[in-house]
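Per UniProt numbering, residue 1 is the first one in the sequence shown, and the count goes up by one each step.
The C-beta atom is built at its ideal place from N, Cα and C for all residues, glycine as well.
The structure appears right after this line, and notes come after that.
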Amino acid sequence: MDKIKERYSNFELLRIVAMILVLIVHVLICLPRPTTAFVIAEPFKAISFYFTDAISIICVNVFILISGWFGINLRLQRLSILLFQVFFFAIVIWGVLVFIEPSKYMNLQSLTTVLMLNGSDYWFIKAYLGLYFLSPILNVFVEKVDQKYYRDILILLYIFQTIYGWFSIDGAAWIAGGYSAFSFICLYLLGRYLKKYGDTINVGRYFRICSLSKGNLLLLFSSIVFLLTFLAYTVTYLGIPIEGRLFTYTNPLVILESIVLVLLFSKIKFKSSIINRIAFSCLAIYLLHGNELILRPYYGKWIAQWYSCETTTSFVMRTSFLIFVVFIMAISLDQIRLVLSKIIFSKSKCV
1 MDKIKERYSN FELLRIVAMI LVLIVHVLIC LPRPTTAFVI AEPFKAISFY
51 FTDAISIICV NVFILISGWF GINLRLQRLS ILLFQVFFFA IVIWGVLVFI
101 EPSKYMNLQS LTTVLMLNGS DYWFIKAYLG LYFLSPILNV FVEKVDQKYY
151 RDILILLYIF QTIYGWFSID GAAWIAGGYS AFSFICLYLL GRYLKKYGDT
201 INVGRYFRIC SLSKGNLLLL FSSIVFLLTF LAYTVTYLGI PIEGRLFTYT
251 NPLVILESIV LVLLFSKIKF KSSIINRIAF SCLAIYLLHG NELILRPYYG
301 KWIAQWYSCE TTTSFVMRTS FLIFVVFIMA ISLDQIRLVL SKIIFSKSKC
351 V
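Here's what the structure looks like:
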């Protein structure tokens, strides 16, 4: 969606990292959550689970913060290219499955998944489209209001989301724990604010956020990860059933963790045509494995089986290999989509 040549590779690498974290999050949702009995009997495994969750849960927030950092320009041609990419993968996946098992997938229910008509079908794409359509209004707001008003609106939005989308996870069902256009709008505005006013944001009484070194940001990021891990382990050990609430997109700690990682990568400057090219296709990774015809029936099923039947080492190796295969397949398949996009949208400067 964005011109590759306009960006350094730091944020392109972060896009790739975020998409790998999406793959890991989708591994974790296929596994049983640690129970009190489990954390007592297998403390190392429980800590490893929570540590992995604490790092990977920032994936979606980071992706949208990057969009906010650079801004979204609504153009019909770019929208068409995005939709073409989405439906290219949806149709290819459906077509392959129909070829393999026609009796199972040649039906109306499967077609509704292709068209994203069910609630869980490519939820990220639908939430992003909501943000995309509203981006012109959001951009006008960002440019017209002063910093104090902008900051106050952000604070109000996040107070509201924290109360009704985190403390009371169902307090406002349309926030959906961060799986919504509303949360994406909040993150987009936050990303724009960081880019526009980051130099004026104070951390405590003495430091401005722009003055924090890469080492300090990495230390802060690690501290949040360890804090989330410790909190999750502790509440589970004590039998308090709230650890899942810690690993939601709307958790203020998760949002802060996402911000810190974005700021860390903003301080890393380098260029790599290979990274830029891969990042240009990284959405394909989600579109391939996150399709509801694939995610639970295949990706999730295999992971759950390995977790139940294999040793820990074997499970980690098999799962890592699966993530690698999905990554390579998605990027490779997207090259075909790019060729078709160039043919169909020959006048586009975005492909």
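Buried versus exposed call for G215 [16 or more other C-beta atoms within 10 Å across all chains shown]
exposed
Of the residues W174, F230, S213, N139, the one placed nearest K196, counting alpha carbons only:
N139
Cβ-Cβ separation, Y188 to L131 (assumed contact under 8 Å), whole Å
6 Å
Is R208 helix, strand or coil when you go by DSSP?
strand
Other residues of its chain near F133: CB distance less than 8 Å, five sequence neighbours each side excluded
L74
Using 10 angstroms around the beta-carbon of L217, count the other beta-carbons present and answer buried if the total reaches 16, otherwise exposed.
buried
Between the CA atoms of L194 and L14 - distance to the nearest angstrom
16 Å
On a Cα-Cα basis, can you pick out the residue from F44, F270, L246, D199 that is closest to L162?
The sequence shown places Thr at residue 162, not Leu. Comparing Cα positions, the closest option is L246.
Work out the CA separation of R78 and K104 for me, nearest whole Å.
35 Å
Thinking just about the alpha-carbon of each residue, which of I24, A172, L263, P252 is nearest to the one in S48?
I24
Where does K5 fall in DSSP's three states?
Confidence in K5 is poor, its pLDDT being 47 and thus under 50, which makes the residue's placement unreliable; the coordinate value appears in the next sentence. If DSSP states are grouped into helix, strand and coil, K5 belongs with the helices.
Starting from the C-beta of A330, find all residues in its chain whose C-beta is less than 6 Å away, skip the five residues before and the five after it, and write them out in chain order.
A284, I285, L288
Span separating the alpha-carbon of T229 from that of F88
39 Å
Exposed or buried, I303, counting other C-beta atoms within 10 Å across all chains shown (16 or more means buried)?
buried
Using a Cβ-Cβ cut-off of 8 Å (strictly less than) and excluding sequence neighbours within five positions of N202, which residues of its own chain qualify?
R208, I209
Flag this pair as yes or no: are the beta carbons of N61 and I255 separated by less than 8 Å?
yes
What is the residue span of the alpha helix (DSSP H) that Y193 lies within?
181-197
Closer than 8 Å by C-beta to T248: which residues in its own chain qualify, once you throw out the five before and the five after it? Chain order, please.
I57, W166, I169, G177, G178, V254
Using only CA atoms, which one of K45, I81, T36, L219 lies nearest to V339?
I81
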